[in-house]
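Trainee:
In full-length UniProt numbering, the protein residues as written are 1 to 200.
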C-alpha cells in the first residue's frame, strides 16, 4: 500500500482514477483506508489546485460506490455465504447483524451519519450488516449519500485547509465518537435485557 501511495503522490494526473479504483476495491473488504485516501486527495489538491475538482470527485465517488458494493453485493446478494470465507468470518455474527438492524430501524440515517465518522473498520461492518439485515435499498442509498457527502466534504476541507496539523484532532474526534457510540450501544443492550419480562 505504501508504494501505491507514493505512486499516487508522484502522478497527480492519474491520482483521481487510482484513488477511485482503490476505494472501489475497499467495497469488497480489501483493506484500503478511506481516511488515508481522503487525506492524500486533499493534500494533492492543496499542492495542485487545478486538480482539486477531479480529486474530490474521485475520492467521493469511490467512497460512495464502495459503500453500495459492501451493502448490495457483499450483504444483500452474497449474504451469509461470505462468512464461510476467512476474510469475513469475524466481521459480523448473527447477533451483531440483529443489533445493527435494530439500530437502523430505530435511528435510521443517524446510524449511517455517526458510523461514517467511526474508524477501526466500523464503516464496512455497518454497510455489510445493513445489507444482511435487508435494509431498504433506496433508504440506504439516499441515507448513505447524505452521510458520505457530509463526511467527505468535511474531511476533504479540513485536510485541504490545515494539512498535517489537523490529523491528531481528527483522530481524537473519531475516538470520542467511537466511545460515545459504544457506550450508547451498551446502554441500549442493557436496557433491552433488563426490560424483558422474567420467566416465571
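Note that beta-carbon positions come from the ideal geometry of N, C-alpha and C, so glycine has one too.
Tell me whether residue 19 is buried or exposed, calling it buried when 16 or more other Cβ atoms sit within 10 Å of its Cβ.
Mentor: By the neighbour-count rule (16 or more Cβ atoms within 10 Å), residue 19 is buried.
Trainee: Hey, residue 103 and residue 151: beta-carbon distance below 9 Å or not?
Mentor: No. Outside cutoff.
Trainee: Helix, strand or coil for residue 114 per DSSP?
Mentor: Helix.
Trainee: Taking just the CA atoms, how far does residue 132 sit from residue 15?
Mentor: The alpha-carbon atoms of residue 15 and residue 132 are separated by roughly 33 Å.
Trainee: Let's test the definition: count the other Cβ atoms within 10 Å of the Cβ of residue 199 and tell me whether it reaches 16, buried, or not, exposed.
Mentor: A caution first: residue 199 carries a pLDDT of 49, below 50, which makes its placement in the model unreliable, though a value can still be read off. Per the 10 Å Cβ criterion, exposed.
Trainee: Provide the residue span of the alpha helix (DSSP H) that contains residue 127, from first to last.
Mentor: Element bounds for residue 127: 122-132.
Trainee: How many angstroms separate the CA atom of residue 51 from the CA atom of residue 45?
Mentor: Residue 51 and residue 45: Cα-Cα distance of roughly 6 Å.
Trainee: Taking the continuous alpha helix (DSSP H) assigned at residue 52, which residues delimit it?
Mentor: That run of the alpha helix (DSSP H) goes 52-69.
Trainee: Among residues of its own chain, excluding the 5 on either side of residue 11, which ones have a beta-carbon nearer than 8 Å to its beta-carbon?
Mentor: Excluding positions up to five away in sequence, the list reads 18.
Trainee: Taking 8 Å as the limit between beta carbons, can you name the residues of its chain near residue 148, skipping five residues before and five after?
Mentor: 60, 63, 64, 67, 116.
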